[in-house]
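Enquirer:
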Amino acid sequence: MDASVTEAPPVETVATAMPRSVGRLLLLPSVVVLLAWMIVPLVMTLWFSFQYYNLINPETAGFAGLDNYRYLVTDPDFWVSLENTLILVGSVLVVTVVFGTLLAVLFNQPFPGRNIARVLAISPFFVMPTVSALIWKNLLMHPIYGVFGAVARSFGRQPVDWFADYPLASIIAIVSWEWLPFALLILLTAVQSLDHEQREAARMDGAGVIAQFVFITLPHLSRAISVVVMIETIFLLTVFAEIFVTTSGGPGNATTNLAFLIYARALLQYDIGGASAGGIVAIVLANIVAFFLVRSIARRLEV
Amino acid sequence: MATLTLRDLRKSYGNFEVIKGIDLAIADKEFVVFVGPSGCGKSTLLRMIAGLEDITGGELQIDGRRVNHVGPADRGLAMVFQTYALYPHMTVRQNMGFALRLARVPKAERDRKVDEAARILQLEPYLERRPKDLSGGQRQRVAIGRAIVRQPKVFLFDEPLSNLDAALRGQMRIELSRLHEELNATMIYVTHDQIEAMTMADKIVVLQSGRVEQVGSPLDLYHHPANLFVAGFIGSPRMNFLPATVAEAGSRGTIVALASGQRLAVPIEARSARPGDPVTLGIRPEGLHVDPAGPLTADVTLVERLGGLTLLHLKAPGDQDMTVQIEGSDPTRAHDRIGLSVDPGATHLFEKSGQALPHLGRHPLAA
Ligand SMILES: Nc1ncnc2c1ncn2[C@@H]1O[C@H](COP(=O)(O)OP(=O)(O)O)[C@@H](O)[C@H]1O
Ligand SMILES: [Mg+2]
Numbered sequence: 001m002d003a004s005v006t007e008a009p010p011v012e013t014v015a016t017a018m019p020r021s022v023g024r025l026l027l028l029p030s031v032v033v034l035l036a037w038m039i040v041p042l043v044m045t046l047w048f049s050f051q052y053y054n055l056i057n058p059e060t061a062g063f064a065g066l067d068n069y070r071y072l073v074t075d076p077d078f079w080v081s082l083e084n085t086l087i088l089v090g091s092v093l094v095v096t097v098v099f100g101t102l103l104a105v106l107f108n109q110p111f112p113g114r115n116i117a118r119v120l121a122i123s124p125f126f127v128m129p130t131v132s133a134l135i136w137k138n139l140l141m142h143p144i145y146g147v148f149g150a151v152a153r154s155f156g157r158q159p160v161d162w163f164a165d166y167p168l169a170s171i172i173a174i175v176s177w178e179w180l181p182f183a184l185l186i187l188l189t190a191v192q193s194l195d196h197e198q199r200e201a202a203r204m205d206g207a208g209v210i211a212q213f214v215f216i217t218l219p220h221l222s223r224a225i226s227v228v229v230m231i232e233t234i235f236l237l238t239v240f241a242e243i244f245v246t247t248s249g250g251p252g253n254a255t256t257n258l259a260f261l262i263y264a265r266a267l268l269q270y271d272i273g274g275a276s277a278g279g280i281v282a283i284v285l286a287n288i289v290a291f292f293l294v295r296s297i298a299r300r301l302e303v
Numbered sequence: 304m305a306t307l308t309l310r311d312l313r314k315s316y317g318n319f320e321v322i323k324g325i326d327l328a329i330a331d332k333e334f335v336v337f338v339g340p341s342g343c344g345k346s347t348l349l350r351m352i353a354g355l356e357d358i359t360g361g362e363l364q365i366d367g368r369r370v371n372h373v374g375p376a377d378r379g380l381a382m383v384f385q386t387y388a389l390y391p392h393m394t395v396r397q398n399m400g401f402a403l404r405l406a407r408v409p410k411a412e413r414d415r416k417v418d419e420a421a422r423i424l425q426l427e428p429y430l431e432r433r434p435k436d437l438s439g440g441q442r443q444r445v446a447i448g449r450a451i452v453r454q455p456k457v458f459l460f461d462e463p464l465s466n467l468d469a470a471l472r473g474q475m476r477i478e479l480s481r482l483h484e485e486l487n488a489t490m491i492y493v494t495h496d497q498i499e500a501m502t503m504a505d506k507i508v509v510l511q512s513g514r515v516e517q518v519g520s521p522l523d524l525y526h527h528p529a530n531l532f533v534a535g536f537i538g539s540p541r542m543n544f545l546p547a548t549v550a551e552a553g554s555r556g557t558i559v560a561l562a563s564g565q566r567l568a569v570p571i572e573a574r575s576a577r578p579g580d581p582v583t584l585g586i587r588p589e590g591l592h593v594d595p596a597g598p599l600t601a602d603v604t605l606v607e608r609l610g611g612l613t614l615l616h617l618k619a620p621g622d623q624d625m626t627v628q629i630e631g632s633d634p635t636r637a638h639d640r641i642g643l644s645v646d647p648g649a650t651h652l653f654e655k656s657g658q659a660l661p662h663l664g665r666h667p668l669a670a
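Note that the protein sequences, when read in sequence, are chains A and B. Letter by letter, the first sequence follows residues 1 to 303 of my numbering. Letter by letter, the second sequence follows residues 304 to 670 of my numbering.
1. With respect to the alpha helix (DSSP H) encompassing SER30(A), which residues constitute its N-terminal and C-terminal limits?
2. Compute the minimum distance between the beta carbon of SER315(B) and the heavy atoms of ligand 1, and state whether it is under 7 Å.
3. Comparing C-alpha positions only, which one of THR494(B), VAL373(B) and CYS343(B) sits nearest to ALA353(B)?
4. For chain B, find out if any of its Cβ atoms is closer than 8 Å to the Cβ of GLY149(A); answer yes or no.
5. I want to check one thing, is the minimum distance from the CB of SER341(B) to the heavy atoms of ligand 1 below 7 Å?
6. Check whether chain B comes within 8 Å of PRO219(A), counting only Cβ atoms and requiring the distance to be less than that.
7. Any idea what DSSP makes of ARG514(B), helix, strand or coil?
8. Roughly how many angstroms lie between the CA atoms of LYS549(B) and GLN385(B), to the nearest whole one?
9. Out of curiosity, what's the CA-to-CA distance linking ALA669(B) and ASP505(B)?
10. Does ALA360(A) come within less than 8 Å of chain B when only Cβ atoms are used?
11. Against chain A, does ALA390(B) count as a neighbour if the rule is that its beta carbon must be under 8 Å from one of theirs?
12. DSSP beta-bridge partners for ASN530(B)?
13. Would you list, in chain order, the members of the segment 171-202 of chain A that have their beta-carbon closer than 8 Å to a beta-carbon of chain B?
14. Quick one: is the Cβ of LYS456(B) within less than 7 Å of any heavy atom of ligand 1?
15. For MET351(B), name the three-state secondary structure that DSSP assigns.
16. Can you tell me the Cα-Cα spacing of ARG396(B) and GLY440(B), whole angstroms?
17. At a cut-off of 7 Å, is SER465(B) close to ligand 1 when judged by its beta-carbon and the heavy atoms of the ligand?
18. Can you confirm whether ALA104(A), when its beta carbon is compared against all beta carbons of chain B, has any partner nearer than 8 Å?
19. Mind listing the chain B neighbours of ASP205(A)? Cutoff is C-beta to C-beta under 8 Å, in chain order.
20. Is HIS592(B) closer than 8 Å to SER644(B) when the C-beta atoms are compared?
21. Evaluate contact between the segment 82-93 of chain A and the segment 129-149 of chain A, counting only Cβ atoms and requiring at least three cross-stretch pairs below 8 Å.
22. Any beta-carbon of chain A closer than 8 Å to the one on THR386(B)?
23. Looking at the secondary structure, which residues open and close the beta strand (DSSP E) in which PHE213(A) lies?
24. Counting Cβ pairs, one atom from each stretch, are 3 or more of them under 8 Å apart for the segment 583-592 of chain B and the segment 644-653 of chain B?
25. Counting Cβ pairs, one atom from each stretch, are 3 or more of them under 8 Å apart for the segment 332-352 of chain B and the segment 425-434 of chain B?
26. Starting from the beta carbon of LEU348(B), find every residue of chain A whose beta carbon is closer than 9 Å, and list them in chain order.
27. Do you know offhand how far VAL229(A)'s Cα is from ILE283(A)'s?
28. At which residues does the beta strand (DSSP E) containing GLN623(B) begin and terminate?
29. Let me confirm a value: GLN109(A) is counted as buried when at least 16 other C-beta atoms fall within 10 Å, else exposed. Which label applies?
30. Mapping DSSP to helix, strand and coil, what is HIS616(B)?
31. Among all the DSSP beta bridges, which residues are the ones paired with SER644(B)?
32. Enumerate, from N- to C-terminal direction, the unbroken alpha helix (DSSP H) stretches of 4 or more residues contained entirely within the segment 86-110 of chain A.
33. Where do the ends of the beta strand (DSSP E) carrying ALA568(B) lie?
34. Given 7 Å as the limit, tell me if LYS345(B) has its C-beta closer than that to any heavy atom belonging to ligand 1.
35. Check the Cβ of ALA353(B) against every Cβ in chain A and list those closer than 7 Å, keeping chain order.
36. Counting only beta-carbon atoms, is ILE216(A) nearer than 8 Å to chain B?
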C-alpha cells in the first residue's frame, strides 16, 4: 500500500523537467502579436504628437517639440471637451447606477408580465449606438416629427428643440438609455443572489422596506455597483458615435468630448500631430481614472 | 409571559395545502420542538408563527391576542435561521445590535445589551469581527445572540444545528438547553432530527404532511406512541414492526400470534380488536434480548459494535428485518443463528389503521 504511493511520480517533476526557456519560447508568438497590436499604435501616436504633420499642409513637417501640446492646452476647446467628458461620464454613471438599482429591486419583485418587462428593459443594450442615437434624434427628440414634441403639443406646449437647447443633457439621456440595461442586468443578478433569509431576518429585526433596502440590499449590491462603475467608465470615456450622429459636437463645442475633439482634429482639420497629442492626453486621463478605480474597487472586492 | 395558541391553523400555496389545520397550545417558558420528516411543513408552520408567511386560515394567538395580521417585528418574537442569515457586511456587534438600532435604542444601552448577550454566549472576543471570519459554531451563536438581544417573548429556531458537525451539534444542544433555563423564555424549535427533539424538548409535536400526529413529552412519545408513524419516527434505531394477528383478546392483555406461529402475551388492551384481526406488533430494539430459549429465532446479518452498545441486524423467518440493541460485551457474531426473547412491557400493538392500542399501564416516566 505504501509502495503504490511512493511509486507515483510527483506531478511537478514533469513540468519542471523541461527547461523554463522552452515555455518562454512558446509564449513568444502571442507576446509578439500583442506587442504589435498595442505598442506600435501607441508609439506611433506618441511619435506623431511630437511632429508637425498636417494632411493638407505637407510643407510644414518635422519635429515639433512640445508645440502640439502647447496648442492643445491653450485651445479653449480642449478644456471644454475635458469638462464635457467628465460631465458626460459622471452624469451617465449616476443615472444608470441609481435607476439601475431601483429597477433591479423592482424587477426582483414578482408581478405579472415580469419576464417580458425584463426583456424589454434589457433590449436597448442590443441596439447599436448609432442606431439608438438616430432613433432618439429623429423619432423621439425631433421638435417636429418626434414623440416628445407631439406630447408637448398635445398639452398645448411649445415643443423643445432638445439638441439646440439642451445639447449635452440630450447626449447624456441617450447614452444613459443605452447603458441602463447593462447596469440593470448586473445589479439584477446581484439582487437575486441576496439570501432571502437575510431580508427576513431584517424584517424580524424590525426593518421596514426602506431600512431593508438601505441596510441589507445596498451593502449587498456595493460590489456589483463598483463593477458597473468601473466597466461603464472605461466605455463612457470614449463615447463617440452618439455625438457624431446627433450634434457633431455642437452647437459650438457644447457636446464635444475628448474623443470627438481628437476626431475633429484628425479628420476635420487634418492635423494628425495635434490629434495625436489629444490622444496621448486621453490615454493619460484614462489611466489616471483606471488607477483610482481599480485601486478603490480592488479594495472593495476583497470584502 | 408568553403563551401561544394555534387554532385550526392552515396554509395553502395556491391549491396546495401545506398546513392542514393545526391546533396547539404552548405554555409559558415551554421548550416545544416541532419534529417531522423533511417537507412536512415544519418550517412553514414556524414561519407562520413568525409572521413571515401569511396565515391562510385559522387563528394564531400570542398571550391571548390574535396576531394573524400583526407584522413579524411586532409579535415580540425572535428567529434563528437555518443558514444563520447574519448580515455579512456588519460586525458581530452590529449584527447583534441591529434590531435595537432600528428601534432607536441609545448607543450606550445597545452596547450594554450586546455585551450581556456576548457574555452569555462567550462571544466577547469576536465582537468586532465580520461573520466570514467566524467558524460555523460561532456564527450560530451570533445568530442566537441577535435573538437574545431583543429580549423576545418567544424564540423560534429553524433547524439551527443542521449545518454543524456532529460534535458541535451535541455541544450546542446542551448549550441551548442551558440557555433555555437561563433566559426563562418560551422556545419553539424545528428539527427533523428526533435526537434533538428527544434531548431538548419539554413537549414534542410530531408533524406529518401538515398534520399533527401526536403531542407529548419525549418519553410519552417514546413509550406511548399514538400510531405507527410516531412509533417509527421517534427512537433510534427504529422500532421493529412485525405482522401478527390477534389470537386472544382478554381483559388482562392480548395474546397475538406471529407469522411464524409463535404466540406472545402483551399487556395491551385489545379494545375492539377481535381474534383473527391483523395487527402490527412493535418492539423497540432494546426490548429484545439474545436468549437461546427465547420464542423467536433469527439469523444475524450484520453486527454494528458501538463499544458500549452493539446493534444486531437480523433476518427473522418470513424475511423480516429486525434490529436488536444489546450489551457491547455480547459475543454474538454475524451469521450466527440466535434465539430472542421479548420484553412484553416494551411492546406495542397497532391496528390495521395504524392507530396504537392502549397499554394497560403507563410508563412511570411518561407522565
Ligand atoms: N413558497 C412555497 N410555494 C409552494 N410550496 C411551498 C413553498 N414553501 C414551501 N412549500 C412546500 O411546503 C411543504 C413544506 O415545506 P417546509 O415547511 O419547508 O417543510 P420542512 O421545513 O418541514 O422540511 C413542502 O412540500 C414544500 O414544497
Ligand atoms: Mg425546513
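For every residue, glycine included, the Cβ atom is placed at its ideal position computed from N, Cα and C. Since the structure is predicted, the reported quantities are computational estimates derived from the model, not experimental observations.
Expert: Let's see:
1. 20-48
2. no
3. VAL373(B)
4. Judged by the 8 Å Cβ criterion, GLY149(A) is not in contact with chain B.
5. yes
6. yes
7. strand
8. Looking at the sequence shown, residue 549(B) is not Lys but Val. VAL549(B) and GLN385(B): Cα-Cα distance of roughly 46 Å.
9. Using only the alpha carbons, I get a separation of about 12 Å.
10. The shown model of chain A, from 1 to 303, leaves out residue 360(A), and the question about it has no answer.
11. Correcting the residue type first, residue 390(B) is Tyr in the shown sequence and not Ala. Output row for TYR390(B): interface = yes.
12. ASN530(B) is bridged by DSSP to GLN658(B).
13. ASP195, GLU197, GLN198, GLU200, ALA201 and ALA202
14. no
15. helix
16. 17 Å
17. no
18. no
19. ALA376, PHE401, ALA402, LEU405, ARG449 and ARG453
20. yes
21. no
22. Interface flag for THR386(B) against chain A is set, since a Cβ pair is found closer than 8 Å.
23. Careful: PHE213(A) lies outside any beta strand (DSSP E) and carries neither H nor E.
24. yes
25. no
26. Result: empty, since nearest Cβ-Cβ is about 15 Å, beyond 9 Å.
27. Answer to the nearest angstrom: the Cα atoms are 19 Å apart.
28. Judged by DSSP secondary structure, GLN623(B) falls within the beta strand (DSSP E) whose first and last residues are 623-630.
29. exposed
30. strand
31. HIS592(B)
32. none
33. 566-569
34. yes
35. MET204
36. yes
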